[in-house]
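Input: a single structure, listed below in structure tokens.
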Amino acid sequence: MLPSFETQRLLVRPRQIADLNACLAMDRDPAVLRYLDVPWRTPQEHRQFVVNRITREYPEGLGYWSVVLKLVPAAFIGWVLLTPYDAVGPEIEIGWRFLRSAWGNGFATEASLPVLRHGFETVGLDRIVADIHPDNAASLRVAEKLGLNFVGERKVGARMLKSYALDRRQYAKAPRTTEGGRQLA
Ligand SMILES: CC(C)(COP(=O)(O)OP(=O)(O)OC[C@H]1O[C@@H](n2cnc3c(N)ncnc32)[C@H](O)[C@@H]1OP(=O)(O)O)[C@@H](O)C(=O)NCCC(=O)NCCS
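So in our numbering, spot 12 of the sequence shown is number 12, and the numbers just go up one at a time.
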């Protein structure tokens, strides 16, 4: 069971099958998928993919978290993941996806900070990576605000992505621009 986190404005809680329709609806916005290569071609495949990502087993302490506003806890605004790279590994990646209506408020950074901290301090990871499309300026900025460093380029499928990474030692002294929130019981 994954922990939940509370930040100044957000609840970051384990993603559940009840979040399925909200996740599917978010993915149907072309702006949300603009810089992503998705593995589905039909609505059925999309649904199957997301159900699988919600219900599959991940290594201890890893998975997806849904993000909601503390003021409106019934309304899903996005998710953060900390999983084996592309669900396979061996590297561990962090990722974020939010509703377009929620962009530009610092939510992705605020929600990802406690997940990053959990990865290093509770799970005991040595290194966390994020590969990002070079034109995805908002996502590149989130990675930077979390303290991840550009480490090179990586070809993933047909695309050349920018690779970011943070290791445990760097994490301890990385500047972070917002508070990391706290873990709920
Ligand atoms: C990437 C994403 C999660 C960011 O969410 P968000 O809640 O808006 O992110 P934050 O507000 O925490 O931070 C975004 C930062 O990027 C900056 N930014 C946004 N658009 C930008 C642009 N076009 N050019 C430069 N900077 C930009 C913001 O100003 C902010 O930086 P700041 O705090 O220094 O001002 C959101 O855009 C999203 O869901 N995109 C679609 C899915 C996606 O691409 N996920 C990432 C895959 S690698």
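From the three backbone atoms N, C-alpha and C, an ideal C-beta is built for every residue, glycine too.
Give a yes or no on whether the C-beta atoms belonging to residue i and residue j are separated by under 8 Å.
i: Val115; j: Ile132; result: no
i: Leu82; j: Gly119; result: yes
i: Leu20; j: His46; result: no
i: Ile77; j: Ile17; result: no
i: Leu148; j: Ala165; result: yes
i: Arg141; j: Val32; result: no
i: Ser4; j: Leu146; result: no
i: Thr122; j: Gly61; result: yes
i: Gly152; j: Ser163; result: yes
Note down, in chain order, each residue of its chain lying with its Cβ closer than 7 Å to the Cβ of residue i, except the 5 sequence neighbours on either side.
i: Arg9; result: Leu69, Lys70 and Glu110
i: Ala75; result: Val68 and Leu69
i: Gly180; result: Leu113, Pro114 and Arg117
Using only the heavy atoms of ligand 2, determine whether one of them is closer than 7 Å to the beta carbon of residue i.
i: Leu166; result: This structure lacks ligand 2; its bound ligands are ligand 1.
Can you tell which of the options has its C-alpha closest to the C-alpha of residue i?
i: Arg41; options: Arg28, Ala130, Tyr35 and Ile128; result: Arg28
i: Leu2; options: Tyr64, Ala102 and Leu33; result: Tyr64
i: Arg212; options: Arg117, Pro30, Glu60 and Val38; result: One cannot answer for residue 212 here, as it falls past the ends of the chain, which runs 1 to 185.
i: Val129; options: Gly106, Arg154, Ala138 and Phe107; result: Arg154
i: Pro90; options: Leu99, Arg100 and Tyr58; result: Tyr58
i: Val12; options: Lys145, Thr122, Ala143 and Ser66; result: Ser66
i: Pro134; options: Ala172, Arg168, Leu36 and Pro14; result: Leu36
i: Asp86; options: Phe150, Phe98 and Val156; result: Val156
i: Arg127; options: Glu144, Ile92 and Ala22; result: Ile92
i: Asp172; options: Gly124, Arg159 and Ala158; result: This sequence places Ala at residue 172; Asp is not what is there. Measuring from the Cα of Ala172, the nearest candidate turns out to be Gly124.
i: Arg56; options: Pro14, Ser139, Glu144 and Leu161; result: Pro14
i: Arg159; options: Arg34, Gly104 and Asn105; result: Arg34
i: Val72; options: Ala102, Ala143 and Arg169; result: Ala102
i: Leu161; options: Arg169, Asp167 and Phe150; result: Phe150
Residue i bridges to which residues according to DSSP?
i: Gln183; result: Phe5
i: Lys162; result: Ile132 and Glu153
i: Arg13; result: Ser66
i: Asp37; result: According to DSSP, which records beta bridges pairwise, Asp37 is partnered with nothing at all.
i: Asp167; result: Arg127
Which same chain residues, not among the five before or five after residue i, have their C-beta less than 6 Å away from its C-beta?
i: Pro30; result: none
i: Ala22; result: Phe76
What does a CB cutoff of less than 8 Å around residue i pick up in its chain, not counting 5 residues either side in sequence?
i: Phe107; result: Arg9, Leu10, Val67, Ile77, Gly78 and Phe98
i: Val51; result: Ile17 and Leu20
i: Gln48; result: Trp40
i: Ala143; result: Ala130, Ile132 and Tyr164
i: Trp96; result: Gly78, Trp79, Val80, Leu81, Ala108, Ala111, Ser112, Ser139 and Val142
i: Glu84; result: Per the sequence shown, residue 84 should be read as Pro rather than Glu. Counting only Cβ-Cβ distances below 8 Å, and skipping sequence neighbours, we find Tyr58, Pro59, Leu62, Pro90, Glu91, Ile92 and Glu93.
message: What ranges does the beta strand (DSSP E) occupy inside the stretch 45-115, keeping only unbroken runs of at least 3 residues that lie completely in it?
response: 63-69, 72-84 and 92-98
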